Ligand SMILES: CC(C)(COP(=O)(O)OP(=O)(O)OC[C@H]1O[C@@H](n2cnc3c(N)ncnc32)[C@H](O)[C@@H]1OP(=O)(O)O)[C@@H](O)C(=O)NCCC(=O)NCCS
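Numbering (UniProt numbering), first residue to last: 1 to 152.
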């Protein structure tokens with residue numbers, strides 16, 4: 001990938017692009033395996049104005065959003081944040097998911113996290129493979145999803 005990849009904490013400058021990104025996820029039913037919150041205009045606007053402890057990022061190429069990722073749980077008082085990530089379907093299979101995960105791991109470490117957790121449907125093989133590659137340990141199930149942790 002020769003184009004410049006950047007990571008930006010979501011703020012109001014992203015409202016329009018994030019809304020389009022979310023609406024596309026929803027219309028293409030890509031939220032089948034990833035539904036941490038609704039993917040609609042209301043949620044995009046809310047995240048763009050969000051100012052708490054949790055972290056919400058976009059991954060961009062040439063200022064276009066190619067991915068969205070989150071680390072949340074701090075607001076609720078948890079020490080181990082939950083990670084969530086989605087890459088735009090046009091940009092998958094190019095290593096962007098792996099890069100974004102590594103970036104999110106770094107950000108969690110900077111905030112003092114020692115571990116990260118996530119949930120993934122067992123049939124979501126691309127995500128399961130990605131997490132295995134990043135040395136996540138799968139330690140049980142919650143609401144039909146595998147529960148995985150990685151030490152930072
Ligand atoms: C899971 C997801 C984030 C992967 O993003 P990506 O940018 O395509 O992943 P990468 O190109 O960085 O691939 C990294 C590794 O993931 C695995 N992987 C990615 N796509 C895969 C596929 N179609 N089939 C099997 N494994 C796959 C591979 O292990 C790959 O490593 P390799 O290229 O060395 O073989 C992306 O498919 C996605 O956004 N899915 C929809 C949302 C989602 O399911 N999020 C996770 C919810 S728990």
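For every residue, glycine included, the Cβ atom is placed at its ideal position computed from N, Cα and C. Bear in mind the structure is a predicted one, so any value in this text is a computation, not a measurement.
Residue span of the alpha helix (DSSP H) that contains residue i, given as start and end
i	result
residue 131	125-133
residue 108	96-110
Residue interval of the beta strand (DSSP E) (run including residue i)
i	result
residue 138	137-142
residue 49	Here residue 49 belongs to no beta strand (DSSP E), and DSSP marks it neither H nor E.
residue 69	64-72
residue 25	Where residue 25 is concerned, there is no enclosing beta strand (DSSP E), although the alpha helix (DSSP H) it sits in stretches over 15-27.
residue 149	145-151
As assigned by DSSP and simplified to three states, the class of residue i
i	result
residue 91	helix
residue 113	coil
residue 76	coil
residue 119	strand
Residue closest to residue i, alpha-carbon to alpha-carbon, out of the options
i	options	result
residue 53	82, 5, 124	82
residue 17	38, 34, 60	60
residue 49	12, 34, 55	12
residue 47	14, 32, 114	14
Between the CA atoms of residue j and residue i - distance to the nearest angstrom
i	j	result
residue 147	residue 62	34 angstroms
residue 37	residue 128	20 angstroms
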